[in-house]
Structures are given as C-alpha cells and as structure tokens.
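This note's numbering puts the sequence shown at residues 417 to 826.
Note that beta-carbon positions come from the ideal geometry of N, C-alpha and C, so glycine has one too.
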Amino acid sequence: MSVQAYLLKNILLETGFLKNEEGVVIGTQTQEATLYIDHGKIKDIFWNEIPEHLKELDILDGRGSLALPGIKDGHIHLDKTYYGGPWKAAEENKTVLDMIAMEKQLLPKQAPFVEQRAIAILDLIISKGTTKIFNHCNVDRTVGIRHFEIIQNLLEQKKSHSISYETAAFPQHGLLRDNTVPLIKEVLAMGCDAIGGLDPNAVDGNLEKSLETTFQLALDFNKKIDIHLHERNDAGKKTLKYLFKLLEQNPNLKHKVTVSHAFVLHDIYRDNQLDEYASQMENLGVKLVSSVPIQFKMPLEELRILGVNVELGTDSITDHWTPFGQGDIIERANILSQLYGWANEYHLSRALYFATGKTPLNDEGEIQWPMVGDVADLSLFNASCSAEVIARISPRTMTIGQGHLLWKNN
417 MSVQAYLLKN ILLETGFLKN EEGVVIGTQT QEATLYIDHG KIKDIFWNEI PEHLKELDIL
477 DGRGSLALPG IKDGHIHLDK TYYGGPWKAA EENKTVLDMI AMEKQLLPKQ APFVEQRAIA
537 ILDLIISKGT TKIFNHCNVD RTVGIRHFEI IQNLLEQKKS HSISYETAAF PQHGLLRDNT
597 VPLIKEVLAM GCDAIGGLDP NAVDGNLEKS LETTFQLALD FNKKIDIHLH ERNDAGKKTL
657 KYLFKLLEQN PNLKHKVTVS HAFVLHDIYR DNQLDEYASQ MENLGVKLVS SVPIQFKMPL
717 EELRILGVNV ELGTDSITDH WTPFGQGDII ERANILSQLY GWANEYHLSR ALYFATGKTP
777 LNDEGEIQWP MVGDVADLSL FNASCSAEVI ARISPRTMTI GQGHLLWKNN
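And the structure:
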C-alpha cells in the first residue's frame, strides 16, 4: 500500500458507551467508517458517503475489523534471543550477576544469528499490532558495538516500511563493572537515542558514580536515559531518590528519563509511600515501563491515576532470562486486567491505555481517537470493541504504521 493517499474502508470505530438505567457502562457502541490517509496521517474521517473526488483513490479493505490506535512495545531486546531458533528453556533461581556470567558465554555462540532472530521478533510483534518500539541493545566488552550496528541497520530498513523505533545502548554487564563507557560513547555518537543502565548499586557497586556517569553521558550527547531497575526495598528506594536528585540538579533531562521494571515501586506501595514517589516522578517526568510481573502486583493503575506516564513492554521473548514472552502487548494488558480484577466493559476498555497510550473513548465515553491530523498508526482486530480485545486477546487482522501497511492476515 502506497504511503500516498488512500482510503481505509470498512472498519469499525468506537463512538460511545452503552449504559443501563443506573448509568453503568454495559457495552460499547461502534460505527462503520472510512479513513482518508495521506502521507502517513489521517486526513479525514467519513462516517457515511465518501466524497466523489476521493472515490478514485486506492482502497484498503478493513473487512469489518475494529480499528484501534497502534500499539507501543516500550521495552524489548531484539538482539539476544532464542526466538527463531531451536527451543531452549531458561534456567531458574539465578541472580542478575549469575545471568550476566552466563550471558558472556552465550553471546558469542549467538553471534551468527543476531540479525535473523531479530527479524523473526520484529515480524512477530508487528503481526501483534505493534507500530512503535523502544529497543535495548547490548553494548559490552563481549560483543562490543556489533549488536548495535546490526540492529540499527535492520531498524533503519524497517523504518522505510514504517515502524517507529528508539534504541538504548544497554550496558547489560555493567557500565562501570564492565568498563563500558568508551563503547557507550561510541554508539551515542553514532546516533543511538538513549543510554541504558542496570542496577547501579547491585551491578556497578557504586550507586552515585554509576548514575552520575549515566547522567553526564546523557547531557554530553543530548540523549534520553532508560535504566533497568531490579533493586528492591531500601536499595531500590535509594536508587530512585538519587535519580530524582540528579534530575532536579539537571532540569534539561526532565521528561527524558525512564525506569524499566522498578519492582521497588511494589515495595513503596506496600509501605504506603507511593504518593511521595509518584509526585516526584510526575513532576520530573520520569516514565515507568513494566512487563507486568505476576509474582506481585505492580501499582501501575495507581501510578497512572497519580499522573505518572506508564507503558508496557515485552522485555524478553524466549531467551536465557525467560521462555514466556509472547511479543504481544495486548496479552500484557490482559494480565494486568486479571491482576486488578477488571472484568466489566468500562475497566477493560480503560486497560487499552497501557498498550497504546490512548483509548478511542475518554472516560466519559466521548471520541478522542482517531482525530484528523493524527499519525496513521493503527492496529486492526477481529473484535467488537476494545474491552473484548483486552479480555479475549483478540486476533489481529492488520497493522498500519505511519500509513504503511506493515502486516495483513490473509
């Protein structure tokens, strides 16, 4: 399908909530519509007849599918996976440092397959409706910058088709512990979007120096920051507080810092301290990305209500860390809904926010997506409404990124 003008016909868009006599949402109204897409954006929306002068445009038939906003995978590792290769289970009861030692032995063996398996993951997640990704790519003394070069080249090719992406240079083996700073500087100079990080106390052994080095690199190269934080309880709280302190001292980095996982927020919620931490996260623009662990409930909805930007990520897809990744952010939103006990139409429809960053209807049931001028990022489903999509993990029928047809179920 051309990136020039065309019509996406025969799709369903959500138009409002159905309520009973008590005002309780019991269903979602939809209406058939046509989107006029031109140069990657939604130029117009037609609910009835299409204007005569547009009828000669190319047509993409939605075949009655429900159209929802494109899905964002806010945290994924494309460069190290078993996916696309022979089945191999993970190991159990290993520490982060155990896994780092294992990975140093594993990565050279995976080197011939990095590109092939990354392509397999991209094909999978695009077929699940993903139009945007935030990728973490190993930069370390074992692989050097080779993974970054391979994945960045691959993503540049995909961009022409057109999936949106950002990449973090991820010092998986430790920024200080592995003496990775020179390599990180090299890939940041090559155009990498962000500097990653990992447990500055537990892995690098020096919380202050690790975070200060990370922040200085971000300032020197004008980049974002995205830190993997697995540290729990007092150690995790100390890391977050020092991160907040550095952000207050370096306001240029406000709204440019993400913490991934941040399991300590579960501990903070348990200790009745969430309001304090959430207030700082909101004021400083610190985003949280979660893969929705099931061992304990992360306070994702509570953080969203308190104004924190929350996204979901696939993280790993069948690798040495875990064999359970499905590459499906809707599946993650489904798990989130189950953890919260969301089962009614209203709550299930609200859960879509975590997968897409927006919902077709606002909390009052008024249309807020799509709007004329929006980027044409769409995920199409064989479903009647977004609540059904979340509850049933409905089949995808089409993925459109910036107006490009990325995938279609034939």
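Whether residue i touches residue j by CB criterion (7 Å)
{"i": "Thr511", "j": "Asp556", "result": "no"}
{"i": "His589", "j": "Ile516", "result": "yes"}
{"i": "Leu662", "j": "Phe631", "result": "yes"}
{"i": "Gly432", "j": "Gly781", "result": "yes"}
{"i": "Val708", "j": "Gly490", "result": "no"}
{"i": "Ile475", "j": "Ala792", "result": "no"}
{"i": "Glu761", "j": "Val441", "result": "yes"}
{"i": "Thr815", "j": "Gly545", "result": "yes"}
{"i": "Thr813", "j": "Asn798", "result": "yes"}
{"i": "Arg533", "j": "Tyr581", "result": "no"}
{"i": "Ala694", "j": "Val724", "result": "yes"}
{"i": "Pro715", "j": "Leu752", "result": "no"}
{"i": "Asn688", "j": "Ala651", "result": "no"}
{"i": "Ile466", "j": "Leu451", "result": "no"}
{"i": "Lys639", "j": "Leu604", "result": "yes"}
{"i": "Glu519", "j": "Ile566", "result": "no"}
{"i": "Leu522", "j": "His736", "result": "yes"}
{"i": "Phe770", "j": "Leu728", "result": "yes"}
{"i": "Ser802", "j": "Leu768", "result": "yes"}
Terminal residues of the beta strand (DSSP E) in which residue i lies
{"i": "Arg812", "result": "Arg812 to Gly817"}
{"i": "Ile611", "result": "Ala610 to Leu614"}
{"i": "Lys824", "result": "His820 to Lys824"}
{"i": "Asn551", "result": "Thr546 to Asn554"}
{"i": "His671", "result": "Segment: none, His671 is in no beta strand (DSSP E) and carries neither H nor E."}
{"i": "Lys653", "result": "No beta strand (DSSP E) contains Lys653, which is instead part of the alpha helix (DSSP H) from Asn649 to Gln665."}
{"i": "Ile442", "result": "Val441 to Asp454"}
{"i": "Thr431", "result": "Tyr422 to Lys435"}
{"i": "Phe462", "result": "Lys457 to Phe462"}
{"i": "Gln488", "result": "Residue identity check: residue 488 is Lys in the sequence provided, not Gln. Lys488 -> beta strand (DSSP E) spans Ile487 to Ile492."}
Option in the options with minimal Cα separation from residue i
{"i": "Leu700", "options": "Pro667, Asn688, Gln689 and Leu716", "result": "Pro667"}
{"i": "Lys713", "options": "Asn688, Glu472, Asn649 and Gln754", "result": "Gln754"}
{"i": "Leu822", "options": "Leu429, Ser695 and Gly456", "result": "Gly456"}
{"i": "Thr446", "options": "Glu430, Gly560, Glu804 and Asp460", "result": "Glu430"}
{"i": "Asp594", "options": "Leu451, His763, Gly613 and Thr772", "result": "Gly613"}
{"i": "His493", "options": "Glu698, Asn554, Trp463 and Pro467", "result": "Asn554"}
{"i": "Asp731", "options": "Ser676, Met697, Leu571 and Glu468", "result": "Ser676"}
{"i": "Pro587", "options": "Val619, Asp460 and Asp514", "result": "Val619"}
{"i": "Phe679", "options": "His646, Leu777, Ser543 and Asp454", "result": "His646"}
{"i": "Lys872", "options": "Asn826, Leu633, Gln818 and Asn825", "result": "The chain is shown from 417 up to 826; residue 872 falls before or after that span and cannot be answered."}
{"i": "Ile561", "options": "Phe529, Ile535 and Cys608", "result": "Cys608"}
{"i": "Leu470", "options": "Ser481, Asp454 and Leu764", "result": "Asp454"}
Assigned exposure category for residue i - 16 Cβ within 10 Å defines buried
{"i": "Ile401", "result": "Residue coverage of the chain in this structure runs from 417 to 826, which leaves residue 401 outside it and unanswerable."}
{"i": "Pro811", "result": "exposed"}
{"i": "Ser418", "result": "In this prediction, Ser418 scores a pLDDT of 47, lower than 50, which makes its location untrustworthy; the coordinate-derived value is nonetheless stated afterwards. With fewer than 16 other Cβ atoms within 10 Å, it is exposed."}
{"i": "Phe740", "result": "exposed"}
{"i": "Met606", "result": "exposed"}
{"i": "Asp477", "result": "exposed"}
{"i": "Thr738", "result": "exposed"}
{"i": "Lys719", "result": "The amino acid at residue 719 is misidentified as Lys; the sequence shows Leu. Buried, since its Cβ has 16 or more Cβ neighbours within 10 Å."}
{"i": "Ile427", "result": "buried"}
{"i": "Ile809", "result": "buried"}
{"i": "Arg766", "result": "buried"}
{"i": "Met787", "result": "exposed"}
{"i": "Ile611", "result": "buried"}
{"i": "Ile600", "result": "buried"}
{"i": "Lys703", "result": "buried"}
{"i": "Leu434", "result": "exposed"}
Where the alpha helix (DSSP H) containing residue i begins and where it ends
{"i": "Phe564", "result": "Arg562 to Lys575"}
{"i": "Arg686", "result": "Val680 to Arg686"}
{"i": "Ser795", "result": "Where Ser795 is concerned, there is no enclosing alpha helix (DSSP H), although the beta strand (DSSP E) it sits in stretches over Leu794 to Phe797."}
{"i": "Tyr499", "result": "No alpha helix (DSSP H) holds Tyr499; DSSP gives it neither H nor E."}
{"i": "His644", "result": "No alpha helix (DSSP H) contains His644, which is instead part of the beta strand (DSSP E) from Lys640 to Leu645."}
{"i": "Thr511", "result": "Here Thr511 belongs to no alpha helix (DSSP H), and DSSP marks it neither H nor E."}
{"i": "Ser753", "result": "Ile745 to Tyr756"}
CB contact below 7 Å: residue i versus chain B
{"i": "Phe679", "result": "The chain inventory of the structure shown lacks chain B, comprising one protein chain alone."}
Proximity test, residue i beta-carbon vs the ligand SAH heavy atom, cut-off 6 Å
{"i": "Leu635", "result": "Among the ligands in the structure shown, none appear at all, so the ligand SAH cannot be discussed."}
Quick check for students: name the residue ranges of the beta strand (DSSP E) that lie wholly in the region 676-730, counting only runs of 3 or more. 702-706 and 726-728
What ranges does the alpha helix (DSSP H) occupy inside the region 758-806, keeping only unbroken runs of at least 4 residues that lie completely in it? 761-767 and 769-772
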